[in-house]
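See below for the structure under consideration.
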Amino acid sequence: MSALNAQAPSSVWRGSYAPVTIGAVALVFLAALQSLAVTTVMPVVSDELDGAALYAVAFAGTLATSVIGMVAAGAWADRSSPIKPLTAAVLLFVIGLLIAGVATSMPMLVAGRLIQGLGVGGQTVSLYVIVARVFPSELHGRVFAAFSAAWVIPSLIGPFLAGAVTEYLHWRWVFLGVAALTVCAFVMVFVRLRGRDLHTDDPTGGGTAKRLALAVVVASSALVLSLSGEFGQWAWVGVVVSLTAMALAIRPLLPRRALVAGRGLPSVVLMRGLIAGSLFGAEIYIPYLLIDEYDFSPTWAGLGLTAGALTWALAAELQGRFGDRVGNTRIAVIGSSLLFAAVIIAAATAALQLPPAVMIGGWALSGLGMGLMYPRLTVLTLAYSAPQNQGFNSSALSISDSIGSASTMAIMGVVFTALASTGAGFTAVFLISAVLAVVALIPGLRLGHAAETRV
């Protein structure tokens with residue numbers, strides 16, 4: 003394993019690190035752009051393709067299949083260079099985008115989203131391992147702060163642009179445009195790292211087939227969970243069975259004692275899943291509420307997410323510079339409290355029919371909280387990792403992230419559908435998010451300290 007420079011520069015944007023940083027950030031940027039864009043346009047897509055029943059599945063399904071990509075990329079990266087799994091992941095991501103972009107039915111679009119999920123999961127883990135093997139530890143915080151900052155421009159223009167493209171051109175270009183740009187971003191990373199030795203000194207082996215099989219079970223359970231709303235009176239049976247199967251299958255894919263908030267890395271991984279479920283589960287209903295209850299156009303509904311994404315990037319930059327001084331426990335408490343406040347404001351807006359500006363402004367608090375916690379948990383994961391298990395631990399963090407989000411979205415979908423006739427669906431899903439933000443404090447107080455370096 004080798005770094006790009008024998009003497010590390012003080013910035014990830016200088017020297018031979020710069021091309022890698024630019025290419026990697028570009029890939030994160032495009033994934034962020036696509037994520038925010040889909041959240042904005044999905045109400046329109048669902049209406050045009052008559053796919054209201056699959057609305058939640060279009061989101062949860064992508065997160066579910068990303069688990070398979072994460073496990074595969076993590077195992078592959080632990081045995082060899084992360085460039086290979088990154089190449090495969092980008093290819094799958096682009097194929098999924100193309101299928102979704104030409105979809106003529108909601109099932110076809112969901113199929114494209116499932117393939118896209120395989121690529122997103124593999125790409126995320128591969129980039130984490132590249133950061134671990136290319137950059138020195140003292141720059142990890144700044145790299146992940148840059149990844150978070152890569153959401154700034156998408157949050158400024160992504161939702162608005164996606165809405166405008168949908169209104170004045172067609173929603174299909176939201177998928178097709180990102181596919182072309184992703185290829186260009188990948189080339190930047192591939193050309194710079196091609197031929198470099200990014201293998202571990204003592205690669206791990208064995209157990210990959212079992213882990214992949216378990217990942218398939220987890221993804222399948224998450225998909226069944228997201229479809230439970232279609233089971234009628236048996237919906238909650240589907241929820242319980244799916245969650246049970248998922249919990250049993252996911253345990254070997256996570257650090258030991260992760261599901262019971264064991265101190266250190268297990269709590270890092272668990273907290274990531276809880277806060278991801280809280281934020282992303284609520285986030286997909288923000289534009290939905292603005293369009294359905296306040297008659298916003300897709301263009302303006304997308305701006306409802308902008309405040310949170312901007313404050314996320316700001317808080318991530320502050321965390322990258324001052325995170326060690328603040329401390330892991332304080333970051334967890336402050337971040338969870340801000341997230342809780344944001345979703346409670348959203349719930350109050352839905353329940354009391356407050357002006358939409360109240361919810362949009364309150365959503366900025368969610369970004370502040372997540373910007374503090376999200377990159378910090380990634381830095382801690384690498385700090386708790388040895389070179390031989392960077393792939394496993396990075397995939398575990400991303401698996402927790404995706405399954406936490408997918409499970410929450412699926413349960414919210416069942417609750418939202420059940421309460422649709424009462425008008426309480428939006429309030430209920432935001433309250434579920436609030437509960438998760440509070441529960442996240444349990445592992446948040448048990449993060450501990452690894453060998454994270456002051457940045």
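When you read off a place in the sequence shown, starting at 1, and then add 2, the result is the number in my numbering.
Cβ coordinates follow ideal geometry from the N, Cα and C atoms, glycine included.
The way I'd put it, the segment 136-145 doesn't touch the segment 409-424; fewer than three beta-carbon pairs between them come closer than 8 Å. Taking residue 321 as reference, the option from 356, 270, 379 with the minimal CA-CA separation is 379.
Check the Cα spacing between residue 70 and each of 268, 252, 367: the tightest is with 252. Inter-residue distance for residue 435 and residue 375 is about 16 Å (C-alpha atoms, whole angstroms). In this structure, residue 96 places its C-beta atom within 8 Å of the C-beta atom of residue 185.
In this model, residue 319 and residue 144 are separated by some 8 Å (Cα to Cα). Ranking 113, 224, 132, 264 by CA distance to the CA of residue 447 puts 264 first. Its Cα nearest to that of residue 303, the residue 362 stands out among 74, 335, 362, 256. DSSP assignment within the segment 278-354 yields the following whole alpha helix (DSSP H) runs of 4 residues or more, N-terminal first: 287-296, 300-304, 308-328, 330-354. As the crow flies, the alpha-carbon of residue 72 is around 7 Å from that of residue 400. Taking 8 Å as the upper bound for CB-CB distance, residue 127 and residue 396 are in contact here, some 5 Å apart. Excluding sequence positions up to five before and after residue 398, its CB lies within less than 7 Å of the CB of 255, 256, 257, 271, all in the same chain and listed in chain order. Residue 179 holds the alpha-carbon nearest to the alpha-carbon of residue 35 among 179, 53, 147. Comparing alpha carbon positions, the residue from 283, 295, 387 closest to residue 422 is 295.
Residue state for residue 138 is assigned as coil, using DSSP reduced to three classes.
When secondary structure is reduced to three states using DSSP, residue 147 falls in the helix class.
Using a 10 angstroms sphere on the CB of residue 280, the tally of other CB atoms reaches 16 or more, which defines it as buried. When 235, 29, 350 are compared, the shortest CA-CA separation from residue 291 is found for 350. Taking a cut-off of 8 Å on C-beta distances, the segment 103-116 touches the segment 50-61, as three or more cross pairs fall below it.
In the same chain as residue 405, and ignoring 5 residues on each side of it, the C-beta atoms closer than 8 Å to its own belong to 65, 66, 69, 220, 224, 248, 252, 275, in chain order. Looking at 353, 408, 411, the one whose alpha-carbon comes closest to that of residue 425 is 353. Cβ-Cβ distances below 6 Å link residue 370 to 313, 317, 340 in the same chain, with the five nearest sequence neighbours on each side left out; the list follows chain order.
Note on residue 382: 16 or more other CB atoms within 10 angstroms of its CB, so buried under the neighbour-count rule. Judged by DSSP in its simplified three-state form, residue 173 adopts coil rather than helix or strand. Secondary structure at residue 196: coil, using DSSP grouped into helix, strand and coil. A Cβ-Cβ distance of about 6 Å is found for the pair residue 22 and residue 191, placing them in contact under the 8 Å criterion. Nearest C-alpha to residue 49 among 343, 107, 240: 107.
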